[in-house]
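These protein sequence lines map, in sequence, to chains A and B.
The first sequence: position 333 = 332 (numbering that gives the first Met the number 0), numbered continuously.
The second sequence: position 348 = 347 (numbering that gives the first Met the number 0), numbered continuously.
No residue lacks a Cβ here, since even glycine has one placed at the ideal position from N, Cα and C.
Just so we're clear, the structure is a prediction, and the values are computed from it rather than from any experiment.
Written below as structure tokens is the structure these notes are about.
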Amino acid sequence: MSELLSMKGITIEFPGVKALDNVDFSLNAGEIHSLLGENGAGKSTLIKCLTGVNHMDEGKIYLEGKEIRPSSPMEAIETGISTVFQEVNLCPNLSVAENIFVGRQPMKHRQINWREINQRAEELMSRFHLDIDVTRPLSYYSTAIQQMTSIARAVDIQAKVLILDEPTSSLDENEVQLLFSVMRELKANGMGIIFITHFLDQIYAVSDRMTILRNGHLVGTYGINELSKVELVTKMVGKDMDVIFNLKRADVKPDSRITLQANHIGDSSHIKDISLTLKEGELLGFAGLLGSGRTETAEMLFGASRIVQGEIILDGTKLNLTKPFDAIKAKIAFCPEDRKRDGIIGDLSIRENIMLAVQSRKGFMKPMTRQEQTDLANKYIALLGIATPDCEKKAGELSGGNQQKVILARWMAAEPEVLILDEPTRGIDIGAKAEIQRLMLEMCGSGVSVIFISSELDEIIRCSNRIVIMRDREKVAEIDGSSCTQQDILKIIAEGAA
Amino acid sequence: MKVSRLMQSKVTWAVIAEALILIVCFIIRPDFFSISYQPSTGMLYGSLIDIVNRSAEITIISMGMTLVIALGGTDLSVGALVAVAGAISLKFLRWDVLTYNTPGDYTVYPYVLVIFVPLIVCALMGLFNGFLVAKGGMQPIIATLILMVCGRGVAQILTDGKQFTTGYSPFRVIGQGSFMYLPMPIIITIIVVVAVALFTRKTAFGAFVESVGVNPSASRLSGIKADTVILIVFMITGLLSGIAGLIYSSRIMSNDSNNAGLNFEMDAILAVVIGGTNMAGGKFSLAGTVVGSLIIRTIVTFVYYFGIVSEATMAFKALIIAVVIVLQSEPVREYFAKRARKKEGVSHA
């Protein structure tokens, strides 16, 4: 195999920090190469340097033996380096076909040749075994198809290097498999693919080699069979994994009092009949596929969507939840799934993000003083180990894991009785993941009842006392967390009731 | 670090721009800065006083506009509300025009009504805007377009399309009176600015506005009643437009449904933008807005003062504002911040 891309001695300095220090990276034609590291390790910076977003202070980049110095994303694309980002950067209101050809529409008689656009788009998508109507707006399709569109665009402009930055974080299992088959096909055609993901299984499933970064330094490049998962994680995190995974399930006594109870609740759209109970200090896991009704149930319990039937009882009193404010008043907290859209308020400081729920419960006429806010923020920055120079930094500038901790801090500060966490560990690195799990269990230890929603079964099993399994917007089973295996849960998800 | 942070702040640039314009004024006419006391009116006179005085309406309105823009919206109806306020107050001053056919030092209805009914109506009209936005889910620019268009019509209907004048002296005080040697509009402006600043910064209201402006969905899920915030902000803006309307009609002692508050919405938006509040919503700066409003008025005064043909006023205004906004743009601020950083680096070494 020939070397397609090579980056030598890349160094990038930001004011005060070396984001990358003398990092080498190489990519062969027809290779899928995983780039690994915790948040802040320098993966994104390396990619941004390759795509011309960041400018390197030292180092050289060679593409097919020729030195390149991309100075803008446009230029990078012209030299043959295309990127598919985690958040799809296409125009949702344009059609799939338009998105593929935008900016370089084929012309005929000085007019855009729509027929050719649509035809070629269809051919491209069918190469990925996708039989879809390419004239429909992109927003009509799932994230997976949107990503395929992004990839199709890269294929059509004959990119030599394709960068996939966390493409799988919002895909379900089938969609991931589809993406992988497309990746393998592109690889067979000689494209070099750089694959960034937090899912270790996926790395082993699809890549040929992997390069690990830590704190801006190169740890090493390894063949896929050279490292076991544990070795890999140890290299990424830089400490022994046993410590991190040595979590203990919450200790719930059989006679603990019931805090939250939902009887046959349903919303106006899909969820018909969900019942569950939650004990003091208990961690209840919600397992099930995307769209199985996990999030909708959580939203009902939080008043974010209104229940049309059934009742929610907290500490023996029936709650009438019409808006999130009511739930917060009743000491229920909710970390939503989509951190960017529903969680973090990016332009505001960490301090303001943390004090928000406490303040909103008080109402704006009873403000906390600046000092109180700062003290509160600093307390949780220290408690959760949020990596920031001070509490006035914009929350949007933090890494994903730290943003999640800020949101967690917002709710911990509100001292809830019931805490609902919807995919709190998605898209964050292993170290931060383990820490969030630890925090969650500590909250249980202090008497908070936690509902934990996750797509990753291993973390559900590791943490939960009981597990509710959802399927097709129904609760199909409730099992004991300490005595079940992933296979048990998968079987129930696949086949229905236990 | 401090210098570079200052150089990155948009407010700094607004202040620099204002200073530059004033320096140019000073170079051309050294007496531009002179302020004299006129015993006959008990007021101070001078170009600077005049600038602050004449900027009162825009400064007051733009306090509300700052909050609306921080929410990510705009309020186009403020100019029309100025006309409405004027029409209502003049209607109370001279209800029956046939009987009271000469303007004089009298009011037909109690003075309390002359002042408060326009303010209440404007506040309600603001609330109507807020209702369309919060409950109707309309885009603010569209929702407020309704009152922008029909507000002047309402004013016309209220006054039968006539222009009333009055000579009632307590009414004259609002726009032409003085207090502590300063023209009354300046006093009113100071009160309004301080009141809005206290309300937004001494309560958590400002933080809630910013939060809703940045991310409405996350704000709602954090327990903020976004609808209430929106309603209050639009109501405040309506009320402030009413205050500006009273000042405006007191200056001319008349109502003018066609021209009162004309283009005020544009000037108010400009003042906010020059003051460094992002049109996309989020962090806002009331101090910046005050400076922005002063810049706009300084330019206009500049044009009058130096005898530039009045037809060129608009073009001239546009030119200077364009320069200010370019100076505040991201690349330019970045450039200067970088230079400042470099210089600091050298001085440390």
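B/G78 - containing alpha helix (DSSP H), residue span: Per DSSP, B/G78 belongs to the alpha helix (DSSP H) from V77 to L92.
Helix, strand or coil at B/Y108 [DSSP, three-state]: In the structure shown, B/Y108 sits in coil (DSSP, three-state: anything other than H, G, I, E or B).
Using beta carbons (cut-off 9 Å, strictly below), is B/G275 in contact with chain A? False, the Cβ-Cβ gap to chain A never drops below 9 Å.
For A/K365, which three-state DSSP category applies? It is coil, neither helix nor strand.
Is B/T40 buried or exposed, if buried means 16 or more other CB atoms sit within 10 Å of its CB? Counting Cβ neighbours within 10 Å, B/T40 comes out exposed, since fewer than 16 surround it.
Helix, strand or coil for A/L502 per DSSP? Outside the modelled stretch of chain A, which goes from 0 to 497, sits residue 502 of chain A, for which no answer is possible.
Tell me, please, whether the CB atom of A/I344 is closer than 9 Å to any CB atom in chain B? Yes, A/I344 counts as interfacial toward chain B.
Cβ neighbours of A/E184 in the same chain (closer than 8 Å, five flanking residues each side left out): So the list reads R126 and F127, once near-sequence residues are dropped.
Straight-line gap, B/A321 to B/F32 (C-alpha atoms, nearest Å): Computed Cα separation, rounded: 25 Å.
Our contact map puts B/G78 next to A/P323 with C-beta atoms below 8 Å; I'd like the distance itself, whole angstroms only. That belief does not hold up - the Cβ atoms of B/G78 and A/P323 are roughly 37 Å apart, past 8 Å.
Given 8 Å as the limit, is there contact between the region 243-260 of chain A and the region 294-313 of chain A, that is, 3 or more CB pairs closer than that? At 8 Å Cβ cutoff, the stretches touch.
Indicate the three-state DSSP secondary structure (helix, strand or coil) for A/R164 in the structure shown. With the sequence shown as reference, residue 164 of chain A is identified as Asp, and Arg is not the correct amino acid for it. A/D164 falls in the strand class under three-state DSSP.
Between which two residues does the alpha helix (DSSP H) carrying A/N173 extend? First-last of the alpha helix (DSSP H) with A/N173: E172 to A187.
Using the C-alpha atoms, what's the distance from B/I189 back to B/V232? Note on geometry: alpha-carbon atoms of B/V232 and B/I189 lie some 19 Å from one another.
Counted within 10 angstroms of its Cβ, other Cβ atoms place B/N214 as buried (16 or more) or exposed: Under the 10 Å beta carbon count, B/N214 is surrounded by 16 or more other beta carbons and is classified as buried.
Three-state class that DSSP yields for B/K161 in the structure shown: The answer is coil: DSSP assigns B/K161 none of H, G, I, E or B.
Going by DSSP, what residues sit across from A/A120 in a beta bridge? Paired residues: none, contrary to the question.
Taking A/I331 and A/P415 to be in contact with their CB atoms under 8 Å, please state how far apart those CB atoms are, rounded to whole angstroms. The C-beta distance from A/I331 to A/P415 rounds to 6 Å, short enough to fall under 8 Å.
Does B/K9 have its Cβ less than 9 Å from a Cβ in chain D? Absent from the structure is chain D; the protein chains it does hold are A and B.
Taking only three categories from DSSP, how would you classify A/S1? Assigned with DSSP and collapsed to three states, A/S1 falls in coil, not helix or strand.
Select from the region 222-234 of chain B all residues with a C-beta closer than 7 Å to any C-beta belonging to chain A, and list them in chain order. G222, I223 and K224: these are the residues of the region 222-234 of chain B whose beta carbon lies less than 7 Å from some beta carbon of chain A, given in chain order.
At a Cβ threshold of 9 Å, is B/T202 touching chain A? Yes, contact with chain A.
Is the Cβ of B/V213 closer than 9 Å to any Cβ of chain A? Judged by the 9 Å Cβ criterion, B/V213 is in contact with chain A.
Got a sec: is the Cβ-Cβ distance from B/R219 to anything in chain A below 9 Å? It does: the Cβ of B/R219 has a partner Cβ on chain A nearer than 9 Å.
Straight-line CA distance for A/V515 to A/N464? What the structure shows of chain A is the stretch from 0 to 497, and residue 515 of chain A is not part of that stretch, so it cannot be assessed.
Could you tell me the alpha carbon to alpha carbon distance between A/L89 and A/V101, rounded to whole angstroms? Going from the Cα of A/L89 to the Cα of A/V101 covers about 10 Å.
Where do the ends of the beta strand (DSSP E) carrying A/D266 lie? That run of the beta strand (DSSP E) goes I257 to D266.
Using a Cβ-Cβ distance under 9 Å, would B/F207 count as near chain A? Interface flag for B/F207 against chain A is set, since a Cβ pair is found closer than 9 Å.
Taking only beta-carbon atoms, is A/S359 less than 9 Å away from chain B? It does; some Cβ of chain B falls within 9 Å.
Taking all protein chains shown into account, decide if B/M183 is buried (16 or more other Cβ within 10 angstroms of its Cβ) or exposed. Burial call: buried.
Whole-angstrom C-beta distance between A/I223 and A/S206, which should lie under 8 Å: Rounded, the Cβ-Cβ distance is 6 Å, consistent with contact.
Proximity test, Cβ basis, 9 Å: A/L347 and chain B: Using a Cβ-Cβ cut-off of 9 Å, A/L347 counts as an interface residue toward chain B, since at least one Cβ of chain B sits closer than that to its own.
Can you check whether the C-beta of A/I257 is within less than 9 Å of a C-beta belonging to chain B? Answer no: the Cβ-Cβ gap between A/I257 and chain B never drops below 9 Å.
In whole angstroms, what is the alpha-carbon distance linking A/I193 and A/L45? For A/I193 and A/L45, the distance between alpha carbons rounds to 11 Å.
Short of 6 Å in beta carbon distance, which residues of its chain neighbour A/L289, apart from the five on each side in sequence? Order them along the chain. D171.
Buried or exposed for B/S35, please, with buried defined as at least 16 other CB atoms from any protein chain shown within 10 angstroms of its CB. Classification for B/S35: exposed.
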